[in-house]
Structure formats: structure tokens, C-alpha cells
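So this is what it looks like as C-alpha cells:
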């Protein structure tokens with residue numbers, strides 16, 4: 001008899017165990033825009049799904065918020081806590097299964113403004129808010145692939161309701177699938193790539209095939225800059241020499 005080790009990805013919050021079905025439920029709500037539609041899509045009972053959402057919210061706080069009616073008819077959106085939970089689950093699954101190692105993408109650019117430890121850096125892909133050393137102007141920003149959340153452009157949450165301050169629009173150029181985890185490369189500007197990692201479930205739900213346009217979001221605290229090495233070419237696409245003109 002041949003035996004193999006198997007693992008089950010789970011998170012705990014107090015006495016509550018959070019598993020793949022919970023993440024699939026949240027992802028379905030994000031995709032379909034309501035609890036009723038998500039229940040239908042997953043073939044689950046609405047009442048049971050609502051009870052499970054109540055259990056999650058008792059453990060970690062609000063994971064959904066109602067969107068009142070109007071021209072769009074209302075619906076349900078995920079909260080920052082829900083997006084954080086999905087990201088934690090996917091990172092845990094990646095680490096547990098050991099299918100892929102988190103990689104780091106590097107964007108170069110010029111510091112435009114500062115707010116304490118954080119600075120807005122102009123890059124070829126657009127402005128990025130990152131932790132930047134004091135006094136640095138030309139910098140290289142490292143972004144771990146497992147810190148990036150991918151979202152359909154039509155379903156990006158309001159920036160006021162999430163800590164994912166950075167959003168880059170990109171196009172899928174490469175997809176490398178493991179058993180349960182998929183590495184996805186995005187082109188976020190001409191010649192500038194961003195590496196991401198998601199579960200196969202998320203990759204299928206978002207249709208992450210080459211050519212697909214997608215939004216990559218990540219926290220400012222997940223983007224850490226260091227002074228650029230001498231001779232590093234900027235990705236901002238602009239002349240980096242500053243004049244004395246005021």
C-alpha cells in the first residue's frame with residue numbers, strides 16, 4: 001500500500017475554523033454581487049450561507065456590507081476584512097503546499113511626495129505608495145507576489161473602504177499553474193511586469209488567461225523601497241533631472 005501525506009488549508013479565528021468553502025463563498029459574493037446570487041452559483045442554501053456569514057462576522061468582524069438599491073438594484077459588497085481573509089488564506093495555502101515560492105517584483109521610480117515613512121513614487125506603471133527610506137529620491141520598490149490581490153476591473157472596491165491603497169491596471173502575459181496555486185505575470189506598463197500568485201479557484205473565477213485585463217492591488221506597507229543602485233534605469237519614462245526652476 002502506498003501512502004501520501006495530505007494537508008488541508010485552514011485558518012482559525014477564536015473557536016471558528018475557516019476553510020476553502022468559506023473563501024469560495026466570499027469570492028462568489030464578490031463575483032456575483034449578492035448573497036442570493038452567490039448561493040445559487042455555488043448550489044448552496046441561502047439560509048445556511050447567511051448563518052455562515054454571521055459566524056464569520058462574529059469571529060473577525062463585518063465581511064459584507066449592503067449596497068442599497070437604485071438603478072443597479074442594490075446588492076452586497078465585501079469589506080476590507082473579507083479581502084484580507086482571502087489573501088491570508090491564499091498565502092497560507094501557498095506556503096503549506098510548497099508548490100510555488102513567493103517572488104518579488106521591482107518597480108523603479110522617483111519620489112514625488114512624502115507623508116512620514118510613506119512616499120508616493122512615480123513609476124512607469126503609475127504612482128505607488130510605499131515605505132521609503134528618508135532622503136531617498138530614486139528608488140527601487142519591492143513587491144512580493146503573495147501580497148498582491150487581483151480583482152476584475154468592474155468589481156474593484158471603493159478605495160475609501162480598503163487598505164489596498166495601490167492599484168495597478170495590467171494585462172496577463174503568462175500563467176504557470178501548479179496543482180492548486182497559479183503564478184500570474186502581469187504587464188503593468190510597457191516592459192514592466194508584476195508577479196502575482198493566486199489559487200486555481202481564483203484564477204478560474206477571474207479568467208486569468210493571457211490577454212486578460214485585471215487590477216492588481218496591494219497595501220502601501222507591502223511595498224518597500226530602497227535607494228536605486230547607481231546606473232539603474234528609471235521606469236517612470238520621464239527625465240529624472242530636477243531643475244532649479246520654481
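Numbering (UniProt numbering), first residue to last: 1 to 246.
Glycine included, every Cβ here is placed at the ideal spot set by N, Cα and C.
| Item | Value |
| --- | --- |
| Cβ-based neighbour list, residue 203, same chain, cut-off 8 Å, excluding 5 preceding and 5 following | 175, 177, 182, 184 |
| Rounded distance between the beta-carbons of residue 120 and residue 129, thought under 8 Å | 5 Å |
| Coarse secondary structure for residue 167, derived from DSSP in three states | strand |
| Status (buried if at least 16 other CB within 10 Å, exposed otherwise) for residue 148 | buried |
| Residues sharing a beta bridge with residue 126, DSSP | 123 |
| Residue 40 in three-state terms, based on DSSP | helix |
| Residue 62 to residue 126 span [Cα, whole Å] | 32 Å |
| For residue 16, three-class secondary structure by DSSP | strand |
| Residue 55 versus residue 16 - alpha carbon distance | 8 Å |
| Backbone secondary structure at residue 105 - three-state DSSP | strand |
| Whole beta strand (DSSP E) elements within the region 148-229, 3-residue minimum | 149-151, 166-177, 181-189, 192-199, 213-218, 223-227 |
| Any non-hydrogen atom of the ligand ADP closer than 7 Å to residue 193 Cβ | Among the components of this structure there are no ligands whatsoever, and the ligand ADP is therefore not found. |
| Residue 87 (DSSP reduced to helix, strand or coil) | helix |
| Nearest-angstrom beta carbon gap, residue 35 and residue 85 [assumed within contact, 8 Å] | Contact flag wrong, Cβ pair sits at about 16 Å. |
| Residue 35 - partner residues in DSSP beta bridges | BP columns for residue 35 are empty, so no partner. |
| Three-way DSSP call (helix, strand, coil) for residue 63 in this model | coil |
| Of the residues 88, 117, 112, the one placed nearest residue 137, counting alpha carbons only | 112 |
| Cα-Cα separation between residue 200 and residue 93, rounded to whole angstroms | 11 Å |
| Host beta strand (DSSP E) of residue 140 (start-end) | 138-144 |
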